[in-house]
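Residue numbers (our numbering): 1 to 706. We put the beta carbon where it would ideally sit given N, CA and C, even for glycine. Just so it is clear, the structure is predicted and the values come from calculations on it, not from any experiment. Worksheet for the structure shown next.
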């Protein structure tokens, strides 16, 4: 017994071993409580594993520090170490009890917080989102597809708590002149006494094709008398650069590119000289009155066509860059027409993709911006008219277009313009515009085929999963697309319009508008036109008149049958003796906007016979809803009188332009058209309005008249 007691005195530290168990218990409880408290706060403050890691690191560091200190103290001053250990164990025991209560409280708190957090989540998911701010963007058709993609990405990135902050709409502008007039006239066009049509949604952001187009509209604002013109704020941001290119189909490209392997030339003259090797007989350029890109490239093309000896200067050079069958209101519509032609060839020759029937035309170059050509070659959607296709499939691979560049071809810089309309400016709307502009800086359109401010093209080395569009662009090969194309600034818009005016053949047109009561009715349901028949007629005629110039001759007269018995009533809002006066097209436009449908339908034959015609060769354009047989009694006798009218006026060609519902094959239009058919390349005839874009239809009609 004494031995045992003596043994304990020889090893006095053994009596303190029982204190180690409470110590370990306290440490375990402390660690567990700390981890529990940290995990409770994890959903609100941070990552779960990060919280655990920090807690364990701190506890291990404290344990090592305290344990190491006590171990060292045992060797130097054992009594003091034992007293400190006893006090530490007492403190830990108290802390353990407090921790147990704290752990219980933390568990209760966790349940309460998690329940509240769950209620909050359920409430947010069930709560309806507020209405997003409608942000309206206007741009050229050439940039429509990439900007719509950018707008969709921007709206997705700006979502907050599952709700959209912005609803972004991107619309295509109808052309530099129409946009200019819209900004200067409260954004309305074709304003008649029975209705009006807007150019489109009033934009908050305008991205024109070039700085030249912006300045063209800015000048109109400074001279406008309207009290509802917007305020422009142009930012030093270029959405993207896109040079104008001349593109050839595969066979022609093989002949030209194979000899020189230089897609970038010093001038357009030099470029067209090389194109002469393939028998170039036309350059497909969109209608400049409805396409800012075509307006920008027209002066250099007119000069180069003459310099290369492809056509004489003036009228013939203008005709060379407006070949029949290739008219389109904008580059997107032009390439959409090319794609549709390829598809039509395949339908006509199924299973014969390699046959000459499916081959693209030879000897035609296409003048479009580079980014639109990229979209076409990549099989991307072209505006609203053409959906996406598989570019490597037949026939699209055979109808691929290869670009050629020249240093004097203009480059479109697409500036960013903030548009503030009277009464619509709010802080929230301004913040939305700034947010989109800032977003574009971080997400440039160079990933969608545009060039940067230094005119450099972004390429993708190999397959790039993040930018599949760039992979599609590489299909042409690295040597076809130059890395940098300097380009020139787009010319002044008014100077370009003057160049077109000087080059075109002059025409003399007499417009005769039906203003009977039936013109106030809706047009045919089968047309794409909106509004009533008079508005459809005015919209088309304004597009036609806008493509005339001061030295063209144009007059306006209206016809209807009075309510009381009597002869047909023909008014002349613009008299024939003023037809060639300066500024006359604008007078005709103003006269169109004041017309009102009234009275009864006048027989078409009587209206034509009562027309006031100037001397010389004249095109009489009769705009009507076509009428029906019962409003044209005695048609046989009227046709006889029209026959004599045709003999007495050999220099007059008559074209009927119909708003519907009557068609060109219906009576009495069919009989009248046949009786008045003239001779020559264009014999007059009949056309239906509203089935296609006004600018395109008007340009095609004028090309035949010229």
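Could you check where the alpha helix (DSSP H) with residue 249 kicks off and where it finishes? Looking at the DSSP string, residue 249 is not in any alpha helix (DSSP H); the run it does join, the beta strand (DSSP E), is 242-249.
Residue 534 by DSSP, collapsed to three states: which one? helix
Below 8 Å, how does it come out for the stretch 324-341 and the stretch 279-294: are there three or more Cβ pairs, yes or no? yes
Grouping DSSP H, G and I as helix and E and B as strand, with all else coil, what is residue 686? strand
Which term fits residue 647, buried or exposed, when burial requires 16 or more other beta carbons within 10 angstroms of its beta carbon? exposed
If you follow the beta strand (DSSP E) that residue 169 is in, where does it begin and where does it stop? 166-172
Which word fits residue 306, buried or exposed, when buried means at least 16 other C-beta atoms lie within 10 angstroms of its C-beta? buried
Residue from 660, 706 and 696 whose Cα sits closest to the Cα of residue 686: 660
Pick from 153, 173, 485 and 314: whose alpha carbon is nearest that of residue 164? 153
Per DSSP, cross-strand counterpart(s) of residue 234: 417
Boundaries (first-last residue) of the beta strand (DSSP E) holding residue 385: Run containing residue 385: none; DSSP gives neither H nor E here.
Work out the CA separation of residue 428 and residue 702 for me, nearest whole Å. 47 Å
From residue 570 to residue 314, what distance separates their C-alpha atoms? 38 Å
Extent of the continuous alpha helix (DSSP H) run through residue 434: 427-442
Straight-line Cα distance separating residue 108 from residue 116: 12 Å
Taking residue 689 as the reference, give the member of 540, 298 and 141 with the closest Cα. 540
Residue 160 in three-state terms, based on DSSP: strand
Counting Cβ pairs closer than 8 Å, one from the stretch 358-374 and one from the stretch 421-437, do we hit at least three? no
Compare the Cα-Cα distances from residue 655 to each of 631, 624, 628 and 238 and report the closest residue. 624
Have a look at residue 424 and residue 206 and give me their C-alpha separation to the nearest angstrom. 15 Å
Decide if the stretch 261-275 is in contact with the stretch 403-412; the criterion is three or more beta carbon pairs, one per stretch, under 8 Å apart. yes
Comparing C-alpha positions only, which one of 171, 606 and 243 sits nearest to residue 558? 606
List the residues that DSSP assigns as beta-bridge partners of residue 600. 561
Candidates 276, 341, 292 and 500: which alpha carbon is nearest residue 707's? The question about residue 707 has no answer, for the chain in this structure spans 1 to 706.
Less than 8 Å between the beta carbons of residue 329 and residue 292, yes or no? no
For residue 446 and residue 204, I'd like the C-alpha separation in whole angstroms. 23 Å
Take the Cβ of residue 160 as the centre, count every other Cβ of all protein chains shown within 10 Å, and call the residue buried at 16 or more, exposed below. exposed
Expressed to the nearest angstrom, what Euclidean distance is found between the alpha-carbon atoms of residue 644 and residue 551? 31 Å
Just mark residue 288 as buried or exposed, buried being the case when its beta carbon has 16 or more other beta carbons within 10 Å. buried
Quick one: is residue 340 buried, meaning 16 or more other Cβ sit within 10 Å of its Cβ, or exposed? exposed
Under the assumption that residue 554 contacts residue 548 (Cβ atoms under 8 Å), give the Cβ distance between them as a whole number of angstroms. 6 Å
For the alpha helix (DSSP H) that residue 216 lies in, which residues bound it at each end? 211-222
Is DSSP giving residue 342 helix, strand or coil here? helix
Which parts of the stretch 585-645 are runs of the beta strand (DSSP E), unbroken and 3 residues or longer, counting only runs that do not cross its ends? 618-624
CA nearest to the CA of residue 599, picked from 515, 653 and 676: 515
Pick out whichever of 490, 649, 657 and 704 has its Cα sitting closest to the Cα of residue 244. 490
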